[in-house]
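According to our numbering, the sequence shown holds residues 643 to 859 in order.
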Amino acid sequence: MAKIPFYKPDLVIVISGPSGSGKSTVIDALCKADETLRESVSVTTRNPRPNEVDGVDYHFRSQSEFEKHVTQDDFLEWAEYGGNFYGTLKSEITAVHEAGKDVILEIEVQGALQIRAQDLSPSRSLLIFIIPPSLAILEKRLRRRKTESESEVNNRLAIAKSEVLEIEHYDYWVSNPENAVQEAVQQIQTIIAAERSRIDTQLIETINPLLDVDKSN
Ligand code: 5GP
């Protein structure tokens, strides 16, 4: 999708869902299809998985480096998940918006709730929750990718159940059935398109000077 007339990207699009719900696949497809979307790169204390690259998948940092970011108030939100820490840098959000794109955050529920509780102006949040078809399928996906140990898989399944209970704090939900990623992608594209078409103060400020020109003629 190309640049949209009158629209200045200001969305912080939060996408959550249990580990194994297919968030990463959906977000990759969204960013590939729309050059005005970019995913923020989070900071984490977790060890990189075999094909993960520092600065691309995450900024992999030590515990003390993470704590320094917390002390300096660098994070928009941060949380502990499965024994590791994860956080979104405020500077990432600003950089993506300044590049003329809306930013996508793939984050867990505690972080999403911190964003919900904040006034992000001049940005605005859009919270989307991806629901897997069933816990059995979630478990199958987690085991199939073989990136977690048995105890980590069980821990992630337990967290999944508690995360779904927080869905009431989100704006929209999307289901991600087996072998139908494109359906979830299309549904999210529709939600983003609607949000971008909202009539808000920013749109009015952009439109008003144009109307003045018309009046003077
Ligand atoms: P993973 O270890 O599988 O990459 O991520 C574990 C969980 O942490 C996932 O639910 C992922 O969405 C979440 N996560 C990744 N980055 C962040 C972040 O910056 N903040 C928060 N709160 N969660 C994150």
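C-beta: ideal position from N, C-alpha, C; glycine also. Keep in mind it's a predicted model, so treat the numbers as computed, not measured.
By a C-beta neighbour count over all protein chains shown, 10 Å radius and 16 as the cutoff for buried, is A759 buried or exposed? Residue environment: A759 is assigned as exposed (fewer than 16 neighbouring CB atoms within 10 Å of its CB, all protein chains considered).
Count the C-beta pairs between the segment 714–726 and the segment 744–755 that are closer than 8 Å, then say yes if the count reaches three, no if not. Three or more pairs of CB atoms, one per stretch, sit closer than 8 Å, so the segment 714–726 contacts the segment 744–755.
Reducing DSSP to helix, strand and coil, say where I655 ends up. Judged by DSSP in its simplified three-state form, I655 adopts strand.
Along the chain, where does the alpha helix (DSSP H) containing A741 start, and where does it finish? Unbroken run through A741: none, as it is neither H nor E.
Considering only heavy atoms of ligand 1, does any lie closer than 7 Å to the CB of I749? Yes, the Cβ of I749 comes within 7 Å of a heavy atom of ligand 1.
Which whole-angstrom value describes the C-beta separation of D652 and P764, a residue pair presumed to lie in contact below a C-beta threshold of 8 Å? The C-beta distance from D652 to P764 rounds to 6 Å, short enough to meet the 8 Å contact threshold.
For the candidate residues E847, E837 and E719, whose alpha-carbon lies nearest to that of F727? The candidate whose alpha carbon is nearest that of F727 is E719.
Is the number of C-beta pairs between the segment 698–717 and the segment 679–688 that are closer than 8 Å three or more? Segments in contact, yes.
In terms of residues, what are the limits of the alpha helix (DSSP H) holding I841? I841 -> no alpha helix (DSSP H), and no H or E assigned at all.
Would you say the beta carbon of E719 comes nearer than 7 Å to a heavy atom of ligand 1? Checking the Cβ of E719 against ligand 1 gives yes.
Can you confirm whether the segment 764–779 touches the segment 648–663 when touching is taken to mean that 3 or more C-beta pairs between the two stretches lie within less than 8 Å? The segment 764–779 and the segment 648–663 touch, with three or more beta-carbon pairs separated by less than 8 Å.
Could you say which of G659, E825 and G742 lies nearest to I749 if we only look at CA atoms? Looking at the Cα atoms, G659 is the closest of the given residues.
If I measure Cβ to Cβ from T848 and keep anything under 6 Å in the same chain, skipping five residues before and after, which residues do I get? Excluding sequence neighbours, T848 sits near F648.
Which word fits G729, buried or exposed, when buried means at least 16 other C-beta atoms lie within 10 angstroms of its C-beta? In this structure G729 is buried. Its beta-carbon is surrounded by 16 or more other beta-carbon atoms within 10 angstroms.
Take E820 as the anchor and find which of K782, E810 and N850 has the nearest alpha-carbon. Nearest in C-alpha terms to E820, of all of K782, E810 and N850, is K782.
Candidates N818, L780 and S817: which alpha carbon is nearest A802's? Ranking N818, L780 and S817 by Cα distance to A802 puts L780 first.
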